[in-house]
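Note that the numbering used here has the sequence shown beginning at 537, numbered continuously upward.
Virtual Cβ for every residue (Gly too), placed ideally from N, Cα, C.
Quick caveat, the model's predicted, so the values are computed rather than measured.
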Amino acid sequence: MQPHQLEYFVAVAETGSFTAGADRVGVVQSAVSAAIKQLERGLGAPLIERGYHRLTLTAEGEALLPRARDVLAGIEAAREAVAGARGQVVGTVLFGTLSYTGRWNIAEVLQGFAARHPGITVRMRQTISGSATNEADVRSGALDLALVSTPAASLPGLTLTRIHGDELVFVCAPGHRLARAGAVSAADLAEETWVDFPTGWGNRTVVDAAFASAGVSRTVRTEVTSFELARNLVCRGLGVSVVPRSSIAGDPGVVAVPIGLEWSFQLAVPSNRRISVAAARLAEAVTASAL
Numbered sequence: 537m538q539p540h541q542l543e544y545f546v547a548v549a550e551t552g553s554f555t556a557g558a559d560r561v562g563v564v565q566s567a568v569s570a571a572i573k574q575l576e577r578g579l580g581a582p583l584i585e586r587g588y589h590r591l592t593l594t595a596e597g598e599a600l601l602p603r604a605r606d607v608l609a610g611i612e613a614a615r616e617a618v619a620g621a622r623g624q625v626v627g628t629v630l631f632g633t634l635s636y637t638g639r640w641n642i643a644e645v646l647q648g649f650a651a652r653h654p655g656i657t658v659r660m661r662q663t664i665s666g667s668a669t670n671e672a673d674v675r676s677g678a679l680d681l682a683l684v685s686t687p688a689a690s691l692p693g694l695t696l697t698r699i700h701g702d703e704l705v706f707v708c709a710p711g712h713r714l715a716r717a718g719a720v721s722a723a724d725l726a727e728e729t730w731v732d733f734p735t736g737w738g739n740r741t742v743v744d745a746a747f748a749s750a751g752v753s754r755t756v757r758t759e760v761t762s763f764e765l766a767r768n769l770v771c772r773g774l775g776v777s778v779v780p781r782s783s784i785a786g787d788p789g790v791v792a793v794p795i796g797l798e799w800s801f802q803l804a805v806p807s808n809r810r811i812s813v814a815a816a817r818l819a820e821a822v823t824a825s826a827l
């Protein structure tokens, strides 16, 4: 059993694809496939079921995955120890981010971090399926750190540090009946047709909780993953939405009305295991940049 075989196996297991797994580790797909076959022969068991649309792990593969992550983490820790003895910080950090971070500039943060820590590689993945995915991946070890958007003060298995917040506003077309309202509440919006974001997204969670607390039901006709698309639909009278104020700042095509809600995001770090020195350095940089 070789470390690169475990690395390739973990990459394929987490991405659900030989192609995506090969892209992650930076080698050709045939090399990844061959290494995993060798690993399966060495262990005497199939690890991956090759489906038509997506790969799945066998029972043996599921059992191996957390152990493989532990082995790779141990190797990374050994490298860090040797580099630390030389006064260096090295390593790779798997960092999950969100599709929208408001005025907080992630590119600027990473640029400064790279200049200060040239020996650390940050592999960043932007989720398109919402904060729930990032939360689960930090817990499982598929990510070292991640940005998550949740109204919760704490989450099982995670330590949260607030990074940025923004006012959520009700948005509608200029000709909408509530366009001139000074403020709205969930009770005012029961009959509206909604453009919203998928379940698991932080802003959707805040809005759903507000309506549930008020005992008001609503109809979400359209789900999108883009604030720009939501704005385009709303300005054409195809629904209403609730979005961070910064996402529509200065936009004459929609009207923003206060609704008394806030969207925020946090840095999630696992509370049930040690993170690498490299990941700790990135966590410090992200936390220090909080707005």
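Task: Cβ pair Val731, Leu769 closer than 8 Å - done: yes
TODO: Output yes or no for whether 8 Å exceeds the beta carbon distance between Gly736 and Ser665.
DONE: yes
Open item on the list: For Phe649 and Leu818, what's the separation of their Cα atoms in angstroms?
Closed with: 7 Å
- [ ] Using three-state DSSP, classify His712 as helix, strand or coil.
- [x] coil
Task: Bounding residues of the alpha helix (DSSP H) (the contiguous stretch that carries Val813) - done: Val813 to Ala824
TODO: Compute the Euclidean distance between the alpha carbons of Leu542 and Ala688, then round it to the nearest angstrom.
DONE: 35 Å
Task: Contact belief for Gly597 with Ala549 at Cβ below 8 Å, rounded distance in angstroms - done: 7 Å
Task: When Gly623, Arg652, Val645 and Val742 are compared against Thr633, the one with the closest alpha-carbon - done: Val645
TODO: Could you name the residues that DSSP lists as bridge partners for Val776?
DONE: Trp730
Task: Distance CB(Thr628)-CB(Arg659) smaller than 8 Å - done: yes
Open item on the list: Quick check on Gln802: buried or exposed, where buried means 16 or more other Cβ atoms within 10 Å of its Cβ?
Closed with: buried
- [ ] Could you pull the start and end residues of the beta strand (DSSP E) that Ile795 belongs to?
- [x] Val791 to Pro806
Open item on the list: Within 8 Å, do at least three Cβ pairs link the stretch 715-730 to the stretch 739-753?
Closed with: yes
Open item on the list: Output needed for Leu704: all residues of its chain with C-beta closer than 8 Å, excluding positions within five of it in sequence on either side, in chain order.
Closed with: Asn739, Val742, Val743, Val778, Val779, Pro780, Arg781, Ile795, Leu797, Glu798 and Trp799
Task: Exposure label - Gly775; buried when at least 16 CB within 10 Å - done: buried
Task: Extent of the continuous beta strand (DSSP E) run through Ala682 - done: Leu681 to Val684
Task: Collapsed DSSP secondary structure at Gln538 in the structure displayed - done: coil
Task: Residue burial classification, Thr729 (beta-carbon count within 10 angstroms, cutoff 16) - done: exposed
TODO: Could you give the DSSP three-state label for Val561: helix, strand or coil?
DONE: helix
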